[in-house]
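Visitor:
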Amino acid sequence: MGQTKRLYEIQGLHCANCALKIERELNQLSYVQSAVVNSVTSKAILEVDENTNREIIFDDVESISTRIEHGVRVKEIEKNNTSKKNVKVQGNIKSINSNSNDNKVKEEKVTYKDSHSDDH
């Protein structure tokens with residue numbers, strides 16, 4: 189059986205203890221491989237059996253969430269339907285180094301080659 193990830197926003201979830209309770213209950217559902225609920229981001233990430241109906245998953249997430257923390261709203265976050273492509277970039281790129289406090293511009297040489305044509 190294959191697995192797929194589902195992402196939900198639980199709007200109004202601010203309680204870490206409530207997030208933990210929701211997470212525990214979601215992990216007890218038979219079709220859930222793993223569930224993680226984050227009160228800081230108000231997101232729930234579920235890894236579920238790919239054959240499980242999305243409406244059933246949504247209804248369960250909504251039911252559990254609203255029972256544990258009243259007033260929350262659940263919304264499924266759709267995945268972007270973008271394809272992955274390997275590319276090489278060549279040229280000079282200037283970027284700000286976000287790891288330093290001085291925000292110096294850093295120049296790097298990279299190579300670009302679109303390998304999309306190799307996919308056909």
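In this note's numbering, the protein residues as written are 189 to 308.
We treat Cβ as the ideally placed atom computed from N, Cα and C, and that holds for glycine.
Across which residues does DSSP place V236 in a beta bridge pair?
Guide: For V236, which the question treats as bridged, DSSP gives the partners T192, V220.
Visitor: Taking T229 as the reference, give the member of E197, C206, I245, E243 with the closest Cα.
Guide: Closest by alpha carbon: E197.
Visitor: Are the beta-carbon atoms of S227 and E235 separated by less than 8 angstroms?
Guide: No, Cβ-Cβ distance for S227 and E235 is not below 8 angstroms.
Visitor: At least one CB of chain D closer than 8 angstroms to the CB of R255: is that the case?
Guide: The question asks about chain D, but that chain is absent: this structure has only one protein chain.
Visitor: Taking only three categories from DSSP, how would you classify K263?
Guide: DSSP places K263 in strand when its eight states are reduced to three.
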